[in-house]
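Chains as they are written, first to last, in our numbering: chain F, 1 to 87; chain E, 1001 to 1588.
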């Protein structure tokens, strides 16, 4: 899977997991901030993303603070997934 | 009117009677340890577990081993038995007088349910265990054990459930609706909520460290505690030894977020200041505060800010006793109330066990216990959804607020809406942005919509109080998580579903939308819930505590649940029910 494919897959997964029903993948730029300005997600969404990483890619984060750097944007997330995925 | 505590009973990780509990506190001995009785694979998650088996309690209570009773109910029966013994009320008096049992619990019979959920089809006999699932079933089984209870009720406001049970009990005595009130709460550890809290990543792998700079979350605990409340001027012939007086209390709402506390701790601040007001006490007269102090970064910071606001001149000695007991969730309000009464009685401030390093943002708690004279102690409990309540116990009655009952004015329905059509659900989009409703499941959307329409109907923007009746809360997500446990085992649960699985999510979701910081409670006692909610609203109105109250009745079931209950001959469950009333009082 190329980085671009992974980015597209992550967009779809995020829309599904976080129930962003009014959004489509085209609305999300891979370099948008996921939290705060940008997608406007919050700390509960961060927890959902941590569960997504575990269930979908077999990556276990130890605590929520680790997520901060990883979840900056879809691109940083994709880079982390491609390096650390176990499935 | 003086509400006196004449008896108390406690079951917790640091002892199953008050002497054991107090000895552990004096010895600085924590009960937080590796879980042994809970069938969990998470041995790394330390818990404040009661180190006794269900069979131990059944034997002590002369209950047949094969009788189906939740662990929650067993703890509660054991604690109540001690409380009544201490109050010295004999059977004759208990049967003659009006005894009301007010229970705070959220877990209810979940410990039974989660053990059979995977085998309901392969072992059809297991289905009947579901009749013990609901919080109200749990309360009824406790009442049935004692036989002298005239009325029982259940309050489920998550971690403030027991504190709110004590408040409701006191109001019943003041209104002369009861002679003797047994109030408190109980909660047994379950895989369901241990894994749920774990998925929220707020569990400390070590013994929890409330208010500490290195705090990393909470430890879950279990247990039960109850107090016997009486109006000491109400003609008892018995020379009751008064353990303490319940001189003040307040139930307020943070109205901020489903799980997080607001940065300024508004709900906690209001609960503490209004409790002092009701007791007629000034901040300088509070001698000790047993804080909610869970050990999560968010709670302790928010609570510290609330404490600074409520005690601007000087903050009295504060400690959280959760490093001893773990966070006993729905039971914590009563467990900590009993600890407060023992502190008052013994003239001893319990330590905030394990406190080492101060945090810039937090208050500095009591690092070592010490002897001192205590007159008034405060006990705070804050729940998910910002259901924040504070109790004040005193060694002598105070000159606090006096309730005046306006029994001549007419209570009227100022607004009403009943949900009838599934197509209506989408109307919520007229009120909320997608980001606001995307996490709300069906019952949360419908209950909010029904409430907003009833308010509009009454021409009221914001009610003074919100009272919710629901027997199962958000069942859709509860069932999803039970299925997940049954099929995947103890894997990480969906965090946003777990957050919404507590019964009080419905009422606190409405409060957060309306920014309603007033009284907020949830009755979860089966079909009786709405009747209890209405009576509670009536009390708020006739005592002048509120001018109008939003009372809602919100139920949700699933096809699977209806099919299971059908096997048990229960066929009256509706998929979705939501009705809201704006009750108000017309002064004459």
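For every residue, glycine included, the Cβ atom is placed at its ideal position computed from N, Cα and C.
Model, not experiment: these values are computed from the prediction.
Is it the case that the Cβ atoms of residue i and residue j are separated by a distance below 8 angstroms?
i                       : j                       : result
residue 1199 of chain E : residue 1484 of chain E : no
residue 1127 of chain E : residue 1560 of chain E : no
residue 1186 of chain E : residue 1072 of chain E : yes
residue 1384 of chain E : residue 1502 of chain E : yes
residue 1225 of chain E : residue 1010 of chain E : yes
residue 1253 of chain E : residue 1062 of chain E : no
residue 1228 of chain E : residue 1154 of chain E : no
residue 1394 of chain E : residue 1244 of chain E : yes
residue 82 of chain F   : residue 3 of chain F    : yes
residue 1318 of chain E : residue 1301 of chain E : no
residue 1255 of chain E : residue 1429 of chain E : no
residue 1164 of chain E : residue 1251 of chain E : yes
residue 1328 of chain E : residue 1202 of chain E : no
residue 10 of chain F   : residue 74 of chain F   : yes
residue 1053 of chain E : residue 1323 of chain E : no
residue 1435 of chain E : residue 38 of chain F   : no
residue 1335 of chain E : residue 1507 of chain E : no
residue 1289 of chain E : residue 1316 of chain E : yes
residue 1190 of chain E : residue 1107 of chain E : yes
residue 1152 of chain E : residue 1139 of chain E : yes
residue 1272 of chain E : residue 1390 of chain E : yes
Could you give the DSSP three-state label for residue i: helix, strand or coil?
i                       : result
residue 1442 of chain E : helix
residue 1013 of chain E : coil
residue 1621 of chain E : The requested residue 1621 of chain E does not occur in the structure, where chain E is confined to residues 1001 to 1588.
residue 1259 of chain E : coil
residue 1480 of chain E : helix
residue 1418 of chain E : strand
residue 71 of chain F   : coil
residue 1115 of chain E : helix
residue 23 of chain F   : coil
residue 1587 of chain E : coil
residue 1132 of chain E : helix
residue 1201 of chain E : coil
residue 1530 of chain E : helix
residue 1058 of chain E : helix
residue 1542 of chain E : helix
residue 38 of chain F   : coil
residue 1387 of chain E : strand
residue 86 of chain F   : coil
residue 1558 of chain E : coil
Which whole-angstrom value describes the C-beta separation of residue i and residue j, a residue pair presumed to lie in contact below a C-beta threshold of 8 angstroms?
i                       : j                       : result
residue 78 of chain F   : residue 64 of chain F   : Rounded, the Cβ-Cβ distance is 20 angstroms, inconsistent with contact.
residue 1589 of chain E : residue 1304 of chain E : Nothing can be reported for residue 1589 of chain E, as the shown portion of chain E is limited to 1001 through 1588.
residue 1372 of chain E : residue 1349 of chain E : 6 angstroms
residue 1499 of chain E : residue 14 of chain F   : Not confirmed; about 19 angstroms, so no contact.
residue 1541 of chain E : residue 1549 of chain E : 6 angstroms
residue 1105 of chain E : residue 1175 of chain E : Rounded, the Cβ-Cβ distance is 24 angstroms, inconsistent with contact.
residue 1355 of chain E : residue 1211 of chain E : 7 angstroms
residue 1114 of chain E : residue 1192 of chain E : 5 angstroms
residue 1504 of chain E : residue 1448 of chain E : Between residue 1448 of chain E and residue 1504 of chain E the Cβ distance is about 14 angstroms, and since that is not below 8 angstroms, they are no contact.
residue 1474 of chain E : residue 1556 of chain E : 7 angstroms
residue 1386 of chain E : residue 1261 of chain E : 7 angstroms
Note down, in chain order, every chain E residue with its Cβ under 8 angstroms from the Cβ of residue i.
i                     : result
residue 38 of chain F : Result: empty, since nearest Cβ-Cβ is about 12 angstroms, beyond 8 angstroms.
residue 81 of chain F : Those do not exist, as residue 81 of chain F stays about 17 angstroms from chain E at its closest Cβ, beyond 8 angstroms.
residue 78 of chain F : Near residue 78 of chain F there are no residues of chain E at all, since even the closest Cβ is about 21 angstroms away, more than 8 angstroms.
residue 21 of chain F : 1434, 1438
Can you tell which of the options has the C-alpha that lies nearest to the C-alpha of residue i?
i                       : options                        : result
residue 1068 of chain E : E:1051, E:1125, E:1025, E:1574 : E:1125
residue 1217 of chain E : E:1293, E:1173, E:1282, E:1156 : E:1293
residue 1171 of chain E : E:1430, E:1539, E:1475         : E:1539
residue 1230 of chain E : E:1475, E:1323, E:1098         : E:1098
residue 1582 of chain E : E:1464, E:1477, E:1569         : E:1464
residue 1409 of chain E : E:1587, E:1045, E:1219, E:1143 : E:1587
residue 1657 of chain E : E:1194, E:1388, E:1056, E:1314 : With chain E running from 1001 to 1588 in the structure shown, residue 1657 of chain E is simply not present.
residue 1132 of chain E : E:1357, E:1260, E:1565         : E:1565
residue 1444 of chain E : E:1149, E:1034, E:1123, E:1513 : E:1513
residue 1141 of chain E : E:1075, E:1495, E:1272, E:1419 : E:1075
residue 1471 of chain E : E:1487, E:1040, E:1530         : E:1530
residue 1239 of chain E : E:1439, E:1406, E:1007         : E:1007
Could you work out which residues of chain E lie near residue i, taking near to mean beta carbons separated by less than 7 angstroms?
i                     : result
residue 64 of chain F : 1201
residue 26 of chain F : Correct list: empty, because the minimum Cβ distance to chain E is about 16 angstroms.
Chain F partners of residue i, CB-CB under 8 angstroms?
i                       : result
residue 1435 of chain E : 40
residue 1499 of chain E : 44
Strictly below 7 angstroms CB to CB, what residues from chain F border residue i?
i                       : result
residue 1495 of chain E : 44, 47, 48, 51
residue 1583 of chain E : Simply none; closest approach about 33 angstroms.
Identify the contact partners of residue i in chain E, using a Cβ-Cβ distance below 9 angstroms as the criterion.
i                     : result
residue 54 of chain F : 1491, 1492
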